[in-house]
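First residue of the sequence shown? That's 889 in the working numbering, and the numbers climb one at a time after it.
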Amino acid sequence: MEERLKQRVNPSQAALIVIDVQNDFCHDEGTFGKIGQDLRDIQKMVPRLIDFVEEARRARVPIIWVRVEHGPWTNSESWLYREHVRGQPICVEGSWGAEYYLVKPQAGEREVIKHRYSAFADTDLALILRSRGIRTILVTGVATNVCCESTAREGFMKDYHVVFVEDCNATTSRAEHEATLVNIRKFFGVCPPLNPARTILPCPAPHGPWRASGGPPPTRDPAVSACPGKRVVLHLIRFGSTHLATASPHGAEPQEGR
889 MEERLKQRVN PSQAALIVID VQNDFCHDEG TFGKIGQDLR DIQKMVPRLI DFVEEARRAR
949 VPIIWVRVEH GPWTNSESWL YREHVRGQPI CVEGSWGAEY YLVKPQAGER EVIKHRYSAF
1009 ADTDLALILR SRGIRTILVT GVATNVCCES TAREGFMKDY HVVFVEDCNA TTSRAEHEAT
1069 LVNIRKFFGV CPPLNPARTI LPCPAPHGPW RASGGPPPTR DPAVSACPGK RVVLHLIRFG
1129 STHLATASPH GAEPQEGR
């Protein structure tokens, strides 16, 4: 068990995936808001996600932004039936509703456009991950029980280790959010809350950021610059009923968390 968990959260082989943080799902004036969906949990989650994205950037973890768009070239009869049930179109190509909500990719970060729930469905996400040697996906975004869960499930089926960051995912129903966490924990991956999840981000190397040229310069954050070049050892801690991994500088003695 210990070795499997260490491999699951190997920071040098991890990527952060941010799913569908878009106006139609998150903004009061978007489709979900107009049809009366409860957006409070989603809107409370987004600032936590923004902080986590910034930490991933400082650690030079690859970030992949996923956005859904719908239009006549990709809408099938079965897919359009959802609009009949919902009563309004959502994330139409080129619309304000399809734009990002309070977040924005930086230069050198990859964007994947999808047309179905899963970020793997008929996209190049798997190719991107395979080309970069990624084995672990950190799944975040909207909505917990639909696109995020669909992506996590399909990622597991494609043999990726799944880290589903509990409080960097959100949906319109607390019960549906919790049900997804139960499913992921039992069958597909681990669901650490944000604070333990932070510990799986690596200390940045002193040279050679992962991004293509044009990305932001290395951080000068003292908390980060204190550990460049140090090898990170993954130790196990116990958080409730879920085993997580925490990173400590090379040479520290392993301790079991409480």
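The beta carbon of each residue, even a glycine, is placed where N, CA and C say it ideally should be.
Can the beta-carbon of residue 1003 be found closer than 8 Å to that of residue 957?
-> Along the sequence shown, read from residue 1 onward, the residue named residue 1003 stands at position 115. Along the sequence shown, read from residue 1 onward, the residue named residue 957 stands at position 69. Going by C-beta atoms, residue 1003 is nearer than 8 Å to residue 957.
Going along the chain, which unbroken runs of the beta strand (DSSP E) with 3 or more residues stay wholly within the segment 1007-1093?
-> Along the length of the segment 1007-1093, whole beta strand (DSSP E) runs at least 3 residues long occupy 1024-1030, 1049-1058, reported in chain order.
Taking Cβ to Cβ, would you say residue 1081 is nearer than 8 Å to residue 1064?
-> Here residue 1081 corresponds to residue number 193 of the sequence shown, with the count starting at 1. Here residue 1064 corresponds to residue number 176 of the sequence shown, with the count starting at 1. Not closer than 8 Å, so no.
In three-state DSSP terms, what is residue 952?
-> Translated into positions along the sequence shown, residue 952 becomes position 64. In the structure shown, residue 952 sits in a strand (DSSP, three-state: E or B).
Out of 995, 1037, 978, state which residue places its alpha-carbon closest to the alpha-carbon of residue 952.
-> Locating residue 952 in the sequence shown gives position 64, counting from the first residue. Per the Cα distances, 995.
In three-state terms, what does DSSP make of residue 990?
-> The sequence position of residue 990 within the sequence shown is 102, counting from 1. Note: residue 990 maps to coil in three-state DSSP.
Residue from 1013, 955, 1089 whose Cα sits closest to the Cα of residue 985 = As a position in the sequence shown, residue 985 is number 97, starting the count at 1. For the residues 1013, 955, 1089, the minimum Cα distance to residue 985 belongs to 955.
Mind checking residue 1045: buried by the 16 CB within 10 Å criterion, or exposed?
-> Residue 1045 sits at position 157 when you count from the first residue of the sequence shown. Burial call: exposed.
Whole-number beta carbon distance between residue 1022 and residue 901, since they are thought to touch under 8 Å | Here residue 901 is taken as the residue at index 13 of the sequence shown, counted from 1. Here residue 1022 is taken as the residue at index 134 of the sequence shown, counted from 1. Indeed, because the Cβ distance is near 6 Å, the residues count as touching under 8 Å.
Is residue 989 closer than 8 Å to residue 911 when the C-beta atoms are compared?
-> Here residue 911 is taken as the residue at index 23 of the sequence shown, counted from 1. Here residue 989 is taken as the residue at index 101 of the sequence shown, counted from 1. Yes, they are a contact pair.
Exposed or buried, what is residue 906 when buried is set at 16 or more other beta-carbons lying within 10 Å of its beta-carbon?
-> Mapped onto the sequence shown, residue 906 falls at position 18. Buried, since its Cβ has 16 or more Cβ neighbours within 10 Å.
Would DSSP call residue 999 helix, strand or coil?
-> The residue labelled residue 999 in the question sits at position 111 within the sequence shown. In the structure shown, residue 999 sits in a strand (DSSP, three-state: E or B).
Per DSSP, residue 958 forms a beta bridge with which residues?
-> On the sequence shown, residue 958 is found 70 positions in, with the first residue counted as 1. Residue 958 pairs with 980.
In the DSSP assignment, what are the bridge partners of residue 904?
-> As a working note, residue 904 is residue 16 in the sequence shown. For residue 904, which the question treats as bridged, DSSP gives the partners 951, 1026.
From residue 903 to residue 987, what does the alpha carbon distance come to, in whole angstroms?
-> As a first step, residue 903 must be located in the sequence shown, where it is residue number 15. As a first step, residue 987 must be located in the sequence shown, where it is residue number 99. Their backbone Cα atoms lie some 22 Å apart in a straight line.
Look at the Cβ atom of residue 1000, then the Cβ atom of residue 1011, and state whether they are nearer than 8 Å.
-> As a first step, residue 1000 is located in the sequence shown; it is residue number 112 there, counting from the start. As a first step, residue 1011 is located in the sequence shown; it is residue number 123 there, counting from the start. Yes.
CB-CB length for residue 1058 against residue 978, believed under 8 Å | Position 170 of the sequence shown, counted from the start, is the residue given in the question as residue 1058. Position 90 of the sequence shown, counted from the start, is the residue given in the question as residue 978. In fact, because the Cβ distance is near 17 Å, the residues do not count as touching under 8 Å.
What separation, rounded to the nearest whole angstrom, lies between the Cα atoms of residue 935 and residue 992?
-> Taking the sequence shown and counting its residues from 1, one reaches residue 935 at position 47. Taking the sequence shown and counting its residues from 1, one reaches residue 992 at position 104. The straight-line gap from Cα to Cα measures roughly 13 Å.
Taking 8 Å as the cut-off, decide whether the C-beta atoms of residue 1035 and residue 908 are in contact.
-> Within the sequence shown, the letter at position 147 stands for residue 1035. Within the sequence shown, the letter at position 20 stands for residue 908. For residue 1035 and residue 908, yes; Cβs fall inside 8 Å.
Got a sec? Which residues, its chain only, sit under 7 Å from residue 1076 by beta carbon, not counting five neighbours each side?
-> For the purposes of this step, residue 1076 is taken as residue 188 along the sequence shown, with counting starting at 1. Result list for residue 1076: 1040, 1041, 1044, 1050, in chain order.
Grouping DSSP H, G and I as helix and E and B as strand, with all else coil, what is residue 931?
-> Position 43 of the sequence shown holds residue 931. Three-state result, residue 931: helix.
Cα-Cα separation between residue 1060 and residue 1048, rounded to whole angstroms = Indexing the sequence shown from 1 puts residue 1060 at position 172. Indexing the sequence shown from 1 puts residue 1048 at position 160. When rounded, the distance between both Cα atoms is 27 Å.
Who pairs with residue 925 in a beta bridge, going by DSSP?
-> Taking the first residue of the sequence shown as position 1, residue 925 is located at position 37. None, per the DSSP bridge assignment.
Roughly how many angstroms lie between the CA atoms of residue 960 and residue 1030, to the nearest whole one?
-> Counting from 1 along the sequence shown, the entry for residue 960 is found at position 72. Counting from 1 along the sequence shown, the entry for residue 1030 is found at position 142. Those two C-alpha atoms are separated by around 24 Å.
Would residue 1056 pass as a contact of residue 933 if the rule is Cβ separation under 8 Å?
-> Stepping through the sequence shown from its first residue, residue 1056 is reached at position 168. Stepping through the sequence shown from its first residue, residue 933 is reached at position 45. It is a contact, given that the beta carbons lie within the stated cut-off.
Report back the beta-carbon spacing between residue 950 and residue 1020 to the nearest angstrom; my notes put them in contact at under 8 Å.
-> Here residue 950 refers to the residue found at position 62 when the sequence shown is read from its first residue. Here residue 1020 refers to the residue found at position 132 when the sequence shown is read from its first residue. Indeed they touch by this definition, with Cβ atoms about 6 Å apart.
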